[in-house]
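Peer 1: Okay, here's the structure, questions in a sec.
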């Protein structure tokens, strides 16, 4: 879609060029959402692609995913031996249900900053203890968990002039066993429920609920819980008002499927542990 209110496109090449932002400025990475509907408040686009951030950096401490890393680049990543949780990467990339054109343009950072419940990069990074690296316009930086960064549909913790630089996944999280479940109202529809369970070597279990809720919800347990305990924690952590309501699923359906898929994940990881 043509953005007929845009009068300029800036192409910063260094962090220092990100200063001097004004009302009506919008950061541009892939632009798959930005160009999908009218943006009457946008006057200038700040194109981040010329900053030339390395898409992916794998090391002893884990994986750093640049905000401008495309879905295609992430999907093509070949993880080191032992990173069993990296199997979630192709699962979450496929949850986009998008064409190769979208995969080659849409970015990890854009998907997270949009904050939509069905954003599969939110699901992936929240489940793997992702930490957002945020650049502030005054030259400082701060870090926060993805579960704190995404606050609701189209709402994040970014303040005026801030930009998401990268998401950091710790190596410990990447070495966990995982289980993935997703549900949609139609065979090729947007995610209505997306749950990921992880099991650490010390037996700690985590369940991350996305798509069915307005923001990501993470439940941590010192060990695999029983059916009753897991159901009780879900009821406690997710009140009715937190379940999302749109054309892709009613809240009562999302609640039911969240409970059902959570138990499937618990059973799968328990079977593997045994």
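In my numbering, the protein residues as written are 86 to 359.
C-beta atoms are modelled at their ideal positions from N, C-alpha and C, and glycine is treated no differently.
Verify whether the separation of the beta carbon atoms of residue 248 and residue 339 is less than 8 angstroms.
Peer 2: Note that the C-beta distance between residue 248 and residue 339 is not below 8 angstroms.
Peer 1: So residue 251 packs on residue 152, CB below 8 angstroms; how close in whole Å?
Peer 2: 6 angstroms
Peer 1: In the DSSP assignment, find the beta strand (DSSP E) that holds residue 116 and state where it starts and stops.
Peer 2: Per DSSP, residue 116 belongs to no beta strand (DSSP E) and is neither H nor E.
Peer 1: How would you call residue 298, buried or exposed, if buried means at least 16 neighbouring beta carbons within 10 angstroms?
Peer 2: buried
Peer 1: Enumerated in chain order, which unbroken segments of the alpha helix (DSSP H) with a length of 4 residues or greater are wholly contained in the region 190–257?
Peer 2: As summarised for the region 190–257, the continuous alpha helix (DSSP H) elements at least 4 residues long and confined to that stretch are 193–199, 205–212, 231–234, given in chain order.
Peer 1: Starting from residue 313, follow the alpha helix (DSSP H) in both directions and report where the run begins and ends.
Peer 2: 312–322
Peer 1: Rounded to whole angstroms, how far is the Cβ of residue 92 from the Cβ of residue 129, which I believe are closer than 8 angstroms?
Peer 2: 7 angstroms
Peer 1: Quick check: the region 269–288 against the region 220–229, are there 3 or more CB pairs under 8 angstroms?
Peer 2: no
Peer 1: How is the beta strand (DSSP E) around residue 291 delimited, first residue to last?
Peer 2: 290–295
Peer 1: Residue 268 by DSSP, collapsed to three states: which one?
Peer 2: The answer is strand: DSSP assigns residue 268 an E or B state.
Peer 1: Report yes if the CB atom of residue 216 is closer than 8 angstroms to the CB atom of residue 230, and no otherwise.
Peer 2: yes
Peer 1: By how many angstroms is the C-alpha of residue 295 removed from the C-alpha of residue 341?
Peer 2: 14 angstroms
Peer 1: Can you give me the C-alpha to C-alpha distance between residue 265 and residue 126, rounded to a whole angstrom?
Peer 2: 38 angstroms
Peer 1: Assuming residue 145 and residue 256 form a contact by the criterion Cβ under 8 angstroms, report the distance between their Cβ atoms to the nearest whole angstrom.
Peer 2: 7 angstroms
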